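One structure is given below, encoded as structure tokens.
Have a look at this one:
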């Protein structure tokens, strides 16, 4: 076998490629992540206004119409413009490098999928400036409220919202086709299914869910758009339609969407715990397969989102049991992570802290999730702040913390520089405390009977709301050390070696940052299972030579 | 430290004792949290409330046990299994343990199925007690089945949800109100209709909630059990004044209820409560009122407007 040489004299690619229609998955990955954090700041600003309004019982900070528009756009931006793009960014960076592919299967499709994001993002943000304001009916956009169109204009916030969501669906379907094909067809020689990293397993599971679920939402949204602008009556009872039908279309995708978000985060936990506990992943095969059990069950639980809308008893019981069964494969994963940590040699680096904090929050969210699954309790707390608390524990407490862990962990690989540990740990501390202070008080509020989506509330709810708002403001502050860290370490952080965490995986056998075509012609042959910490077996053929070449190139680089 | 060499026995007497102590502490903590759970909920004012609260308490106890167990392990490993400074070596490579994996699949399975069986039983009892929804023009026998045969409510109180007001009509007494009055310990049926969008009929003290769907008349049964004043809140987002779309529910003795109906019948029709109408008028005077809104429906004309700003029990 010929070994790749890594010429240190390769011309530095221009930074302008990040603003172009580039087909390199690593460029697209960074484009996705940076753009996602731009929208994260907008969505976060809206969250600050929401919590500012809710710090007092009266509707006194903004007008009620403005509040409704803001909470709708907060949810929409955070889901469609932050969390899905940021995860697609990680998929783009990690899937090809982890499986040893030179790029995605369809690089141009990949770039099109990305460039749709700024297009529908602009459309969505532009809806703030049309007469009547943006959509205000929540990120579910249930009809009939969503088709009321008070001004009667053809171009209105809700219509732009629906167009943006439909475009987002198209973009995600393109992405999903690409990720699934790449994982199935382009793995390195020797990388059998059960030698594939768990992140790729979870990405495959999540993207399969996208392919199955998204057509329902996208079709449902287009029908709603017709109801809104063309006078059809798919969801209008006066024309023979049914508003509850939309709820089926919406949740048939939007419940699995939560698994699309959380499954890759399970993948991140499964990648990082072994690295920072210096142990193999406990029960690798079982953890990999559990993702697909979650996919199967995740597709048959959607009705639990509207137990109160007039669902027959047998359906309530069926969907309750299905929902509760999901906790079994999920529990398997949690125990496997604990098994990985047990008797390990734990290193509390920034990524590890984010993983541990994320796991803590996730277990809490899992327990409130089981409570929400049981119909009698759900009927009391559905559409209350209990659900908002549960959801934010899953999405912010677990998923976003996992995403931060991934960013700190793989930043050296793709940027070539090390992030600062001190700022990272400060970021972790503020995030962990802020998230719990923000989202824990929402549970007692919901149990007491405070509905979600309210711009004012009865005075007995004030105490917990003040706490939640303080937590939210702390979360707002927590992003400052993160941004400082990312920007300063990108510009002048210490240079990273090819494997600063001493991790096992194909991506760590590439220089930091990797060449445009990753391994190019010289894809190593995988000869063992992933996560062989402590086993002393090489992952690939000629591993020692590859690492020597990488180290030699690094030495040459640093001596210049 | 505890990072013992692989030759040492895994389960010493001391570690078993420690584990037993942990389980004991967790069980005690879980039981205590289960009892605390009742205090996080509003007062119990319907036959459904104790059933729901019992299930919630059970779930809180089980959840505390699981959460406590996981967190205890996490704290233990972070404190005891930390890598020594400058220790770059790997830990002992344990790749899995089939027996353990089977056990920790079985335990959550048994736990959630226990909760599911409990929940299905509560569901069934709630159906017998009345709060199950029954869509109109369904099998009438099923509707009657919601009650013990001898205590069939004489009539259904009609609940009309609008953007943004609640109107309650008592057809037999020919009374209407924007404050819901109910007799304690008397089963009652509501006929829920919406004139515009989705609304949610939610009385936290009753632990019951039912969406009000335009184009349907949904029959909804419950039995209040405690006298007092409670809040009814719209629970399905209904537009601009969604948050202000609340009404009071007064549960009173049978005699007081009869007297209220009798007195109300004599009162002339007048505008009922609609906070939205008042706010809309004030908003129109503002220079910069905000974004577009659907105008509120005019206040319903009722015999008794009642109040929605008196102190309430829940």
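Protein chains in written order, with the working numbering: chain A, 1 to 560; chain B, 1001 to 1314. Every residue, glycine too, gets a C-beta built ideally from N, C-alpha and C. Owing to the predicted nature of the structure, the values given are computational and were not obtained by experimental measurement.
What first and last residue would you give for the alpha helix (DSSP H) that runs through residue i?
i, result
"residue 253 of chain A", "243-277"
"residue 345 of chain A", "No alpha helix (DSSP H) contains residue 345 of chain A, which DSSP labels as neither H nor E."
"residue 519 of chain A", "No alpha helix (DSSP H) contains residue 519 of chain A, which DSSP labels as neither H nor E."
"residue 98 of chain A", "84-99"
"residue 529 of chain A", "It is not in any alpha helix (DSSP H) - residue 529 of chain A carries neither H nor E in the DSSP assignment."
"residue 227 of chain A", "198-229"
Buried or exposed: which applies to residue i, given that a residue is buried once 16 or more other Cβ atoms fall within 10 Å of its Cβ?
i, result
"residue 487 of chain A", "exposed"
"residue 1085 of chain B", "exposed"
"residue 315 of chain A", "exposed"
"residue 636 of chain A", "Coverage of chain A is limited to positions 1 through 560, which leaves residue 636 of chain A absent and any answer about it impossible."
"residue 402 of chain A", "buried"
"residue 189 of chain A", "exposed"
"residue 1097 of chain B", "exposed"
"residue 192 of chain A", "exposed"
"residue 1279 of chain B", "buried"
"residue 443 of chain A", "buried"
"residue 31 of chain A", "buried"
"residue 536 of chain A", "exposed"
"residue 464 of chain A", "buried"
"residue 1236 of chain B", "buried"
"residue 1019 of chain B", "exposed"
Please decide whether residue i counts as near chain B, where near means a Cβ-Cβ distance under 7 angstroms.
i, result
"residue 335 of chain A", "yes"
"residue 371 of chain A", "yes"
"residue 323 of chain A", "no"
"residue 247 of chain A", "no"
"residue 282 of chain A", "yes"
"residue 207 of chain A", "no"
"residue 345 of chain A", "yes"
"residue 279 of chain A", "yes"
"residue 487 of chain A", "no"
"residue 465 of chain A", "no"
"residue 142 of chain A", "yes"
Just checking my contact of residue i with residue j at CB under 8 angstroms: how many whole Å lie between their CB atoms?
i, j, result
"residue 452 of chain A", "residue 383 of chain A", "6 angstroms"
"residue 204 of chain A", "residue 253 of chain A", "That pair is no contact at about 18 angstroms."
"residue 570 of chain A", "residue 257 of chain A", "One cannot answer for residue 570 of chain A here, as it falls past the ends of chain A, which runs 1 to 560."
"residue 1252 of chain B", "residue 1173 of chain B", "Going by Cβ atoms, the distance from residue 1252 of chain B to residue 1173 of chain B rounds to 14 angstroms, so no, they are not a contact pair."
"residue 553 of chain A", "residue 511 of chain A", "7 angstroms"
"residue 1062 of chain B", "residue 1022 of chain B", "With a Cβ gap of about 17 angstroms, residue 1062 of chain B and residue 1022 of chain B do not count as contacting."
"residue 1191 of chain B", "residue 1219 of chain B", "6 angstroms"
At the 7 angstroms Cβ level, is residue i part of the contact set with chain A, yes or no?
i, result
"residue 1301 of chain B", "no"
"residue 1090 of chain B", "yes"
"residue 1211 of chain B", "yes"
"residue 1143 of chain B", "In this prediction, residue 1143 of chain B scores a pLDDT of 40, lower than 50, which makes its location untrustworthy; no coordinate-derived value is stated."
"residue 1221 of chain B", "no"
"residue 1120 of chain B", "yes"
"residue 1218 of chain B", "yes"
"residue 1229 of chain B", "no"
"residue 1235 of chain B", "yes"
"residue 1351 of chain B", "Because chain B is modelled from 1001 through 1314, residue 1351 of chain B falls outside the range shown and cannot be assessed."
"residue 1232 of chain B", "no"
"residue 1158 of chain B", "no"
"residue 1101 of chain B", "yes"
Give me the DSSP bridge partner(s) of residue i.
i, result
"residue 1086 of chain B", "DSSP lists no partner for residue 1086 of chain B."
"residue 417 of chain A", "A:495"
"residue 1230 of chain B", "B:1249"
"residue 1161 of chain B", "B:1166 and B:1194"
"residue 1156 of chain B", "B:1189"
"residue 168 of chain A", "Residue 168 of chain A pairs with nothing; no bridge assigned."
"residue 134 of chain A", "A:157"
"residue 384 of chain A", "A:451"
"residue 1046 of chain B", "B:1224"
Span of the beta strand (DSSP E) holding residue i?
i, result
"residue 1218 of chain B", "1218-1222"
"residue 1209 of chain B", "1208-1212"
"residue 1175 of chain B", "1175-1177"
"residue 1183 of chain B", "1180-1183"
"residue 1200 of chain B", "1199-1203"
Exercise. Of the residues that make up the region 535-558 of chain A, which ones have a beta carbon closer than 7 angstroms to any beta carbon in chain C?
Worked result: Chain labels in this structure do not include chain C; the protein chains are A and B.
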